[in-house]
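Protein chains in written order, with our numbering: chain P, 1 to 124; chain U, 125 to 343.
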């Protein structure tokens, strides 16, 4: 086994265990963690199954790239762009909801509190 | 005409008391929306006679005004005045801003700081304001010299029909554009602007760019 295969396998295995532990602990949906689980499994496969690397090599060459690392880097950057876009959109939605909640609480509190002294303008 | 004055405030304990007291001479109710101040703004406002609403998180000027509009629309006020709580506007000029509304000449009145004393505004802000006002004028089809002024008066129907959504400084242009599109009459009157050297508030370049983009998108 090559050194990079050992590193990839070990790292992938550790991250997979941590992700599964997080999944169990938080009891969140599998879909939310599916991307990360798939990534860690791919890393483990790359380190343990040589044929997986050659499949990756095939995909890389089909896309016109020189080496698998180019493919991985480009793919990672594109995924990060997509993730950033999605997160930005999600944050904006949550920001709107948070503002609505803050305003709702302020208005509800105002309704239950007594109104401050009002001064009537003469001749109004 | 029953009038409510809405003042969005953030950390204005030094000026809010005077603003509220003077505004109460011209309006039936003064509503201070405390945008999660860390000082005694709420307490000072209440002591001066204002009705106070408090945000548990800071939303920004637009958000505070939106809350104030929603709260005051529940009562039977026919006209609404908005002004800053930092002492930039003189409450004694409320009648000037309200006058066109009372006479039926306008639906929104903007107190323009540039009609009376154009050079009182710091140069940097004047340039930014000029650019934004030109774009807002073009987008709304109405000549506006001070689109970013928070000293305004509204007829009730305007707020019932056109409520801004922006929580930051974009609210100022957004409100004018919404009103113009709904064919509400917009008028400007000259008001005094008081710029204290130590106070550095208002929109910065980043806010200005956001307002510019937002205004152009809506035109």
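Ideal Cβ placement from N, Cα and C applies to all residues, glycine included. A quick note: this is a predicted structure, and the numbers were derived from the prediction, not measured.
With a cut-off of 8 Å on the beta carbons, I'd call residue 238 (chain U) and residue 266 (chain U) a contact; round off their distance for me. For a cut-off of 8 Å, the C-beta gap from residue 238 (chain U) to residue 266 (chain U) is around 15 Å, too long to register as a contact.
Assuming residue 209 (chain U) contacts residue 136 (chain U) under a Cβ cut-off of 8 Å, what Cβ separation, rounded to an integer in Å, is found between them? Indeed, because the Cβ distance is near 4 Å, the residues count as touching under 8 Å.
So, using beta-carbon positions, are residue 231 (chain U) and residue 303 (chain U) closer together than 8 Å? Yes; because the gap between Cβ atoms is below 8 Å, this pair is in contact.
On the CB-based measure, 16 or more other CB atoms within 10 Å of its CB, does residue 253 (chain U) come out buried or exposed? The residue in question, residue 253 (chain U), is buried, as its Cβ has 16 or more Cβ neighbours within 10 Å.
Could you say which of U:283, U:296, U:249, U:288 lies nearest to residue 261 (chain U) if we only look at CA atoms? The candidate whose alpha carbon is nearest that of residue 261 (chain U) is U:296.
Under the three-state reduction of DSSP, which class applies to residue 64 (chain P): helix, strand or coil? In this structure, residue 64 (chain P) counts as coil in the three-state DSSP scheme.
Cβ-based neighbour list, residue 193 (chain U), same chain, cut-off 6 Å, excluding 5 preceding and 5 following: If you ignore the 5 residues before and after residue 193 (chain U), its C-beta comes within less than 6 Å of the C-beta of 283, all in its own chain and listed in chain order.
Can you give me the start and stop residues for the beta strand (DSSP E) that residue 271 (chain U) sits inside? First-last for residue 271 (chain U): undefined, no H or E at that position.
At which residues does the alpha helix (DSSP H) containing residue 128 (chain U) begin and terminate? Careful: residue 128 (chain U) lies outside any alpha helix (DSSP H), inside the beta strand (DSSP E) at 127 to 133.
Within the segment 22 to 60 of chain P, ranges of the alpha helix (DSSP H) (whole runs, at least 4 residues): Fully enclosed alpha helix (DSSP H) runs of 4 or longer: 30 to 48.
Would you tell me roughly how many angstroms separate the C-alpha atoms of residue 190 (chain U) and residue 141 (chain U), rounded to the nearest one? Answer to the nearest angstrom: the Cα atoms are 22 Å apart.
Is the Cβ of residue 231 (chain U) closer than 8 Å to any Cβ of chain P? No, residue 231 (chain U) lies away from the interface with chain P (no Cβ there is under 8 Å from its Cβ).
According to DSSP, is residue 286 (chain U) part of a helix, a strand, or is it coil? In the structure shown, residue 286 (chain U) sits in coil (DSSP, three-state: anything other than H, G, I, E or B).
With a 10 Å radius around its C-beta and 16 neighbouring C-beta atoms as the bar for buried, classify residue 122 (chain P) as buried or exposed. Confidence at residue 122 (chain P) is low in this model, with a pLDDT of 42, below 50, so the placement of that residue should be treated as unreliable; the coordinate-derived value is given next. Classification for residue 122 (chain P): exposed.
As assigned by DSSP and simplified to three states, the class of residue 202 (chain U): Coil.
Taking Cβ positions, are residue 235 (chain U) and residue 273 (chain U) nearer each other than 8 Å? In contact: residue 235 (chain U) and residue 273 (chain U) (Cβ atoms closer than 8 Å).
Out of U:204, U:160, U:335, which has the shortest C-alpha to C-alpha gap to residue 255 (chain U)? Nearest option by C-alpha distance: U:335.
Segment limits, alpha helix (DSSP H) that includes residue 221 (chain U): Start and end: 218 to 226.
Chain-order list of residues whose beta-carbon lies under 8 Å from that of residue 44 (chain P) (same chain, five-residue window excluded): Cβ contact annotation for residue 44 (chain P) (same chain, cutoff 8 Å, sequence separation greater than five): 8, 9, 12, 13, 16, in chain order.
Is the segment 72 to 87 of chain P close to the segment 153 to 163 of chain U, with three or more CB pairs under 8 Å? With contact defined as three or more Cβ pairs closer than 8 Å, the segment 72 to 87 of chain P and the segment 153 to 163 of chain U are not in contact.
Under the three-state reduction of DSSP, which class applies to residue 122 (chain P): helix, strand or coil? Residue placement at residue 122 (chain P) is poorly supported in this model, since its pLDDT is 42, which falls under 50; the coordinates are not used for a value here.
Evaluate residue 119 (chain P) with the Cβ neighbour count: other Cβ atoms within 10 Å of its Cβ, from every protein chain shown; 16 or more gives buried, anything less gives exposed. Residue confidence for residue 119 (chain P) is low, a pLDDT of 45 falling below 50, so the modelled location carries little weight and cannot support an answer.
If we cut at 8 Å on Cβ distances, does residue 178 (chain U) have a partner in chain P? Against chain P, the CB of residue 178 (chain U) has a partner CB under 8 Å away; the residue lies at that interface.
Between which residues of its own chain and residue 246 (chain U) is the CB-CB distance below 7 Å, once the five residues before and five after are set aside? Close CB contacts of residue 246 (chain U) within its chain, under the 7 Å cut and outside five residues either way in sequence, are with 319 (chain order).
Looking at the strands, I want to know which residues DSSP matches up with residue 145 (chain U). DSSP output for residue 145 (chain U) lists no bridge partner at all.
By DSSP's criteria, residue 236 (chain U) is part of a beta bridge. Which residues make up the other side? Beta-bridge pairing links residue 236 (chain U) to U:314.
At a Cβ threshold of 8 Å, is residue 185 (chain U) touching chain P? No, no contact with chain P.
I think residue 60 (chain P) touches residue 71 (chain P), with their Cβ atoms under 8 Å apart; what is that distance to the nearest whole Å? Rounded to the nearest angstrom, the Cβ distance from residue 60 (chain P) to residue 71 (chain P) is 4 Å, consistent with a contact under 8 Å.
Is the segment 166 to 175 of chain U in contact with the segment 89 to 107 of chain P, if contact means three or more CB pairs nearer than 8 Å? As far as the Cβ criterion goes, the segment 166 to 175 of chain U does not touch the segment 89 to 107 of chain P, which means the pair count is below three.
Assigned exposure category for residue 58 (chain P) - 16 Cβ within 10 Å defines buried: Around the CB of residue 58 (chain P), fewer than 16 other CB atoms lie within 10 Å, so the residue is classed as exposed.
Same chain only: Cβ atoms within 6 Å of residue 174 (chain U), ignoring 5 sequence neighbours per side: Cβ contact annotation for residue 174 (chain U) (same chain, cutoff 6 Å, sequence separation greater than five): 144, 154, 156, in chain order.
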